[in-house]
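What follows is a short report on a single structure.
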Amino acid sequence: MSLVRFLNVAKEYPRGGVALSHASFQLHKGEFAFLTGPSGSGKSTILKLIYMEERPTAGDVWVSGVSARDASRKEVSMVRRHLGIVFQDFRLLEDRSAEANIAFALEVTGTPADMIRQRVGRVLTQVGLASKGTALPRELSGGEQQRIAIARALVNDPFVLIADEPTGNLDERATRGVFQLLRDINTAGTAVIMATHDLDLIRRTEYRTIELNHGRLVYDSAEAPPVEKAPSAVSPSHHDENPI
Amino acid sequence: MMVIREAFSAFRRAPLLSVLGVVTIAFSLFAFGLFGLVAVNIRDALQTIENRVEIRAFIADGTPVEASSAAMGDIHAFPEVLSVTYVSQDDAYARARKELGEFSDVFEPGVLPASLDIKLKPGYRDPTTVQAVANRLKSYDFVDDVRYGEDWVAKLYRLRTIATLVGTGLGVAFAAVAVIIIGATIRIMVMARAREIEIMRLVGATNGFIRMPFVLEGFIQGVMGGLLALGLTWATSTAISHSFMRTEFFDPALATAGVIGGAVIGLLGSTFAVGRQLRRL
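Residue numbers (this note's numbering), protein chains in the order written: chain A, 648 to 891; chain B, 251 to 531.
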C-alpha cells in the first residue's frame with residue numbers, strides 16, 4: 648500500500664529557482680528509504696512536500712490519500728497527526744522537560760491526560776530514556792535529545808516517520824544509536840524516510856536509496872533499471888530492493 | 251483546558267517578557283489616559299461655561315402679568331427650551347445690586363425691566379439655534395428686546411469646536427501610538443515563541459488551536475495593563491487635585507471602557523501577531 652506518492656512533482660520558489668522537478672516515487676507501508684544527494688539537491692524539499700509545509704508547483708503529492716495540492720489547512724493538520732517528523736537540530740522546547748516535550752505533541756491534538764501519561768511513558772521506554780523524563784533538553788547529550796525528538800515523533804503512532812538529517816549533529820556513537828532506533832521503529836511497522844549525507848550509513852544497510860541531484864531524482868534503488876545514475880554518491884550495491 | 255494552562259504558563263516561563271508586555275500596555279494606555287484626563291477636564295470646564303448660555307427677553311412696561319405667564323407656557327413647550335423663569339422688576343433690581351457690588355447704587359428701583367430668562371437644553375446652545383429661539387421670542391408683542399450675548403456665544407461655540415477637533419485628532423494620534431507600541435511588543439513576544447508555534451504546527455495542531463493560548467495571554471496582559479494604567483492615571487489625578495488644582499477623574503463607565511480598551515488591544519494585537527507568525531512559518 649502506497650503511503651506517500653509523488654507524481655511528476657516540481658517545486659519552484661519565486662526567488663529561489665527550481666528546487667525539484669519531475670519527481671515520481673512511492674513510499675509503501677513499512678518501508679525504509681534513504682534520501683540522499685548533495686546540499687541543495689532537493690532532499691528537504693521532498694520532506695517538506697510530504698508534511699505539506701510546501702505545496703507542489705506542478706504534479707501532485709498524496710499522503711495517505713490526501714492531495715497536497717488540494718488539502719485545506721485543517722486537512723494538513725490532520726495529515727501531520729499521522730506523521731512523525733525529526734530534524735537535525737532536534738527542535739525541542741528548551742524550557743520544558745523531556746516528558747513535557749513529548750506530551751506537547753499529544754496535548755495539541757486534544758488527547759486525554761491519562762492517555763498522554765501512558766503513551767509518553769511507553770515511548771520514553773522505547774527510545775531507552777525512561778529514566779530521563781524529567782530532564783531538560785540542555786541536561787541531555789545530543790544523542791539523547793535526538794531520541795527525545797524521535798519519541799515525540801512516535802507518540803502519535805505515525806505511519807511514516809520523516810527524518811531530516813537526524814544524525815547530522817551527532818558523533819559516530821550517537822549516530823549508530825539513533826540509526827538503530829530508527830531501524831527498530833521501522834521493524835515494528837512504521838515506514839521511515841530519512842534524508843542523509845552519511846554514505847557510510849547507507850552502505851551499511853540494504854535499504855532503499857533515492858538519490859537527488861540539482862532537484863532531479865537521479866537514482867532509486869527500488870527502480871530497475873536505475874534512472875540516469877549520478878556519477879557521485881551511492882555505490883551499486885544499493886540497487887537492492889528494500890528488504891523490509 | 252490546555253489553552254488556559256498554556257496561556258498562564260507563559261507568564262511563569264518568561265516572566266520578564268510578560269512583565270514587559272503588561273508594562274508596555276500600561277504605560278501606553280497611561281499616556282493616553284493622561285491625555286483623556288486633560289480632555290475630560292477641558293470638556294467639563296466648557297460645559298460649565300456653556301450652562302450659562304441664557305436668553306433674556308425683556309418685557310415691555312405695563313404688560314399684564316397674565317400675558318407673560320401665558321407666554322411662559324408656550325415658550326417652555328419649545329423643543330430647545332430647558333427652563334423659563336419670570337424675573338420681575340424688583341427681582342431684576344435685586345439681582346443687579348448683587349452683581350454690581352460696590353456700584354449697586356447706579357440703578358433706582360423700577361428702572362430695570364421685568365424679563366423672561368430662558369435656558370436652553372444641551373445640544374441647542376450653538377449660535378444658530380440660540381438666534382432662532384431669540385427671533386421667535388421677539389415675535390411676542392410684549393417683548394421689548396431680546397439679549398443673549400451673540401459674540402460670547404459665537405466665541406464659546408468656536409472654542410468648543412476647536413477643542414473637539416484638536417481633542418479628537420490628538421486622541422486618535424495617542425491611541426494610534428499606543429496601538430503601534432503595544433502591537434510591536436506583542437509581536438516581539440510572539441516571535442520569541444516562534445519555535446513553539448512551529449512545533450505545534452508540525453505535530454498537527456490547527457491554526458485556531460495555536461492561536462488560542464496567545465490570544466488569551468494577550469487578553470490577560472491587556473486587562474492587567476489597563477488596570478495598571480487606570481491606577482497610574484488615578485494616582486496622577488489625585489496628586490494634581492491635592493497639590494495644584496481640582497481635577498475630575500473619569501466616570502466609572504469611561505474607566506471601564508479604558509480597561510476594556512486595553513483588553514481589546516491585547517487580544518487583537520496577539521491575534522494579528524500570531525496570524526502573521528503562522529503565515530511566515
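Note that beta-carbon positions come from the ideal geometry of N, C-alpha and C, so glycine has one too.
* Asked: Do the segment 312-327 of chain B and the segment 362-382 of chain B make contact, defined as three or more Cβ pairs closer than 8 Å?
  -> With a cut-off of 8 Å, the segment 362-382 of chain B and the segment 312-327 of chain B count as touching, because enough Cβ pairs lie within range.
* Checking contacts by CB at 8 Å: is A/Tyr698 closer than that to chain E? -> Here the protein chains are A and B, and chain E is not one of them.
* Asked: Does the pairing of the segment 702-719 of chain A with the segment 407-423 of chain B give three or more beta-carbon distances under 8 Å?
  -> no
* Asked: Taking the alpha carbon of A/Arg794 as the point to measure from, which residue in A/Ser714, A/Lys721, A/Gly780 has its own alpha carbon closest?
  -> A/Gly780
* Asked: Going along the chain, which residues of its own chain have a beta-carbon closer than 6 Å to the beta-carbon of A/Phe734, five neighbours each way excluded?
  -> Asp811
* Which listed residue (B/Val334, B/Ala281, B/Gly286, B/Pro314) has its alpha carbon closest to that of B/Val303 -> B/Val334
* Asked: Secondary structure at B/Arg306, three-state DSSP: helix, strand or coil?
  -> Correct three-state label for B/Arg306: strand.
* To do: Compute the distance between the beta-carbons of B/Glu498 and B/Asp294, then report whether it is under 8 Å.
  => Yes; because the gap between Cβ atoms is below 8 Å, this pair is in contact.
* Candidates A/Arg727, A/Asp736, A/Gln765, A/Met762: which alpha carbon is nearest A/Gly790's? -> A/Asp736
* Asked: So, is B/Arg255 buried or exposed, given that buried needs 16 or more other C-beta atoms within 10 angstroms?
  -> exposed
* Asked: According to DSSP, is A/Met762 helix, strand or coil?
  -> If DSSP states are grouped into helix, strand and coil, A/Met762 belongs with the helices.
* Paired residues, beta bridge with A/Arg652 - DSSP -> A/Gln673, A/Trp709
* Helix, strand or coil: which one does DSSP assign to B/Tyr398? -> coil
* Find the residues of chain B that neighbour A/Ile732, judging by a C-beta separation of less than 9 Å, and give them in chain order. => Leu452, Val453
* Closest to A/Ala777 by CA distance: which of A/Ser744, A/Val755, A/Asp804, A/Ile809 is it? -> Of A/Ser744, A/Val755, A/Asp804, A/Ile809, the residue nearest in Cα terms is A/Ser744.
* To do: Determine the DSSP secondary structure at A/Phe734, reduced to helix, strand or coil.
  => strand
* Assign B/Val422 to one of two classes, buried (16 or more other C-beta atoms within 10 Å of its C-beta) or exposed (fewer than that). => exposed
* A/Val755 versus chain B: which residues are under 8 Å apart at the beta carbon? -> Met252, Met450, Val453, Gly454, Ala455, Phe459, Ile460
* Asked: At what residues does the beta strand (DSSP E) containing A/Met841 begin and finish?
  -> 838-842
* **Buried or exposed by the 16-neighbour rule on C-beta atoms within 10 Å, applied to A/Ile732** => buried
* **Bounding residues of the beta strand (DSSP E) (the contiguous stretch that carries B/Phe285)** => Per DSSP, B/Phe285 belongs to no beta strand (DSSP E); it is in the alpha helix (DSSP H), 265-300.
* Asked: Nearest-angstrom Cα distance between A/Gly836 and A/Arg728?
  -> Each residue's alpha carbon lies about 17 Å from the other.
* To do: Using the DSSP secondary-structure output, state which residues sit across from B/Thr521 in a beta bridge.
  => In the DSSP output, where bridge partners are listed per residue, B/Thr521 has none listed.
* Starting from B/Arg263, find everything on chain A with Cβ-Cβ shorter than 7 Å and list it in chain order. => Per Cβ cutoff of 7 Å: Asp742.
* Secondary structure, alpha helix (DSSP H): runs of 4+ residues fully inside the segment 803-866 of chain A -> With a minimum length of 4 residues, the continuous alpha helix (DSSP H) runs that stay inside the segment 803-866 of chain A are 819-834, 846-851.
* Out of B/Ile431, B/Gly468, B/Asp311, point me to the one whose CA is closest to B/Thr274's CA. => The closest CA to that of B/Thr274, considering only B/Ile431, B/Gly468, B/Asp311, is found on B/Ile431.
* **Residue from A/Phe806, A/Thr822, A/Tyr866 with nearest C-alpha to A/Ser649** => A/Phe806
* To do: Pull up the distance between the alpha-carbon of B/Arg375 and that of B/Leu284, whole angstroms please.
  => 29 Å
* To do: Find the residues of chain A that neighbour B/Glu446, judging by a C-beta separation of less than 8 Å, and give them in chain order.
  => Ordered by position in chain A, the residues that pass the 8 Å Cβ test against B/Glu446 are Leu740.
* What is the C-beta distance between B/Gly512 and B/Val465, in whole angstroms, given that I count them as a contact (C-beta under 8 Å)? -> Wrong, their Cβ atoms sit about 15 Å apart, outside the cutoff.
* Asked: At a Cβ threshold of 8 Å, is A/Lys695 touching chain B?
  -> no
* Sorted by chain position, which residues of the same chain lie with C-beta nearer than 6 Å to B/Arg263's C-beta, five sequence neighbours on each side aside? -> none
* **Contact check, A/Leu905 vs A/Leu859, beta carbons under 8 Å** => Examination of residue 905 of chain A is not possible in this model, given that chain A is present from 648 through 891 alone.
* To do: Just the C-alpha distance for A/Val865 and A/Ser671, rounded to the nearest angstrom, thanks.
  => 11 Å
* Give the residues of chain B in contact with A/Lys690, contact being defined as C-beta atoms less than 8 Å apart. => Ordered by position in chain B, no residue passes the 8 Å Cβ test against A/Lys690, which lies about 17 Å from the chain.
* DSSP on B/Val217, reduced to helix/strand/coil? -> No answer is possible for residue 217 of chain B: it lies beyond the span of chain B, which begins at 251 and ends at 531.
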